[in-house]
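Worksheet: one structure, shown below.
Protein chains: 2
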Amino acid sequence: MSSSKLLKGSLATIILKLLEENEKMYGYEITQRVKEITAGEFKITEGALYPSLHKLEAEGLLSTETQMVENRVRKYYSLTKEGNAEAHTKVAELEDFLVNLQKLLNPKLGLG
Amino acid sequence: MSSSKLLKGSLATIILKLLEENEKMYGYEITQRVKEITAGEFKITEGALYPSLHKLEAEGLLSTETQMVENRVRKYYSLTKEGNAEAHTKVAELEDFLVNLQKLLNPKLGLG
DNA sequence: TTCTTATGCATAAGAAAATTATGTATACTT
DNA sequence: AAGTATACATAATTTTCTTATGCATAAGAA
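Protein sequence lines, in the order shown, are assigned to chains P and A.
With the working numbering applied, the first sequence corresponds to residues 96 to 207, in that order.
With the working numbering applied, the second sequence corresponds to residues 96 to 207, in that order.
Following this line, the structure appears as structure tokens:
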């Protein structure tokens, strides 16, 4: 996430959420999907993405499958069973966090 | 912010926002206010808070004033003029970020 | 034909921003 | 006497980025 330098710590949750909806995705596809959804405002760098994917795989949350497409390698990632559970947990935690952050940013609503 | 380990990078914005509303606050007060507003879900640690306050002061965004209250030192922080401007900017950036994050977490709404 | 952009993965060096642990000090409660 | 609350501060470590670099193929522009 280059443009804003905000919200370090949410990348893994974003990845898990996207994979919850898409069955399988490859790295480059994830960067493009995020860019598309956020109208170009989030740019996930490879230096952040690939280490994060590798870590999630090492933790047993993602499984991989490599394909050759048009003479290029694609490494597809899918949620494991544990990954699916963790996706729910992490998304819920992040949403909870956002609610609290909104209370801080918008105290009139929060304490109304 | 100990409990969730999320949203690293938003602490400075939270501080600026609180000071935008409160004229002046001291460190311990900030930790208690955040805890109160978020019903105990955000716990700002001293190890995060004080370095962040010092940095904001070094950047000219905050000014300080020390008082003795009941035999204890309190260091009050206030927004400078530049701090006030920066508070607006950072809050707007964070809100913008949250909008995009919501699009990722709630794609059905985002692309509706 | 050469350069740039796009596609696709990966790692290393460095910076930023936390966590955790520690230290000092006063005051109140158990 | 020990623990909790108030109040500030810093150091060591960890996490998670950014930036830079590297490899490789393909397509389009100059």
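Beta carbons are placed, not taken as given, at the ideal position from N, Cα and C, and that holds for glycine.
task: Using a Cβ-Cβ cut-off of 8 angstroms, state whether Ser105(P) counts as contacting chain A.
output: At least one C-beta of chain A is nearer than 8 angstroms to the C-beta of Ser105(P).
message: Short of 7 angstroms Cβ to Cβ, which residues in the stretch 132-163 of chain A face chain P?
response: Residues passing the 7 angstroms Cβ filter: Ile132, Thr133, Glu136 and Phe137.
message: For a test of the three-state rule: what should DSSP assign to Glu118(A), helix, strand or coil?
response: In the structure shown, Glu118(A) adopts coil according to DSSP, grouped into three states.
field: Buried/exposed call for Tyr172(P), threshold 16 Cβ in 10 Å
entry: Under this definition Tyr172(P) is a buried residue.
query: Between Thr159(A) and Lys119(A), what straight-line distance do the alpha-carbon atoms span, to the nearest angstrom?
result: The alpha-carbon atoms of Thr159(A) and Lys119(A) are separated by roughly 9 angstroms.
message: Tell me which residues share the same chain as Lys170(A) and place their Cβ nearer than 6 angstroms to its Cβ, disregarding the 5 neighbours each side in the sequence.
response: Tyr121, Thr159 and Thr161, listed in sequence order.
query: So what's Leu157(P) in DSSP terms, helix, strand or just coil?
result: It is a strand residue.
- prompt: Taking one C-beta from the stretch 184-198 of chain P and one from the stretch 142-156 of chain A each time, how about it: are there three or more such pairs within less than 8 angstroms?
  reply: In short, these stretches do not touch, since the Cβ pair count stays below three.
Local conformation of Lys138(A) per DSSP, three classes: DSSP places Lys138(A) in coil when its eight states are reduced to three.
field: Rounded separation between Gly178(A) and Gly155(A) - CA only
entry: Computed Cα separation, rounded: 7 angstroms.
query: Any beta-carbon of chain P closer than 8 angstroms to the one on Leu114(A)?
result: With 8 angstroms as the cut-off, Leu114(A) does not count as an interface residue toward chain P.
task: Determine, using beta carbons only, whether Leu174(A) comes closer than 8 angstroms to chain P.
output: With 8 angstroms as the cut-off, Leu174(A) does not count as an interface residue toward chain P.
- request: Grab me the residues of Leu113(P)'s own chain with a C-beta within less than 8 angstroms of its C-beta, minus the 5 sequence neighbours each way, in chain order.
  value: Closer than 8 angstroms at Cβ, skipping near neighbours: Met120, Ile125, Arg128 and Val129.
message: Would Asn166(A) pass as an interface residue toward chain P - the criterion being a Cβ-Cβ separation below 8 angstroms?
response: For Asn166(A), the answer is no, since every Cβ of chain P falls outside 8 angstroms of its Cβ.
message: So with CB distances below 8 angstroms, who are the chain A contacts of Ile110(P)?
response: Listed along the chain, the chain A residues whose CB falls inside 8 angstroms of the CB of Ile110(P) amount to none; the nearest CB is some 10 angstroms away.
task: Using DSSP bridges, identify the partner residues of Ser173(P).
output: DSSP, once it has assigned bridges, lists Ser158(P) as partnering Ser173(P).
Rounded C-alpha distance that separates His106(A) from Val194(A): What sits at residue 106(A) in the sequence shown is Leu, not His. Leu106(A) and Val194(A): Cα-Cα distance of roughly 18 angstroms.
- prompt: Is Gly198(A) close to chain P, meaning its C-beta is less than 8 angstroms from at least one C-beta of that chain?
  reply: At residue 198(A) the sequence reads Lys, which differs from the Gly that was named. So, interface residue.
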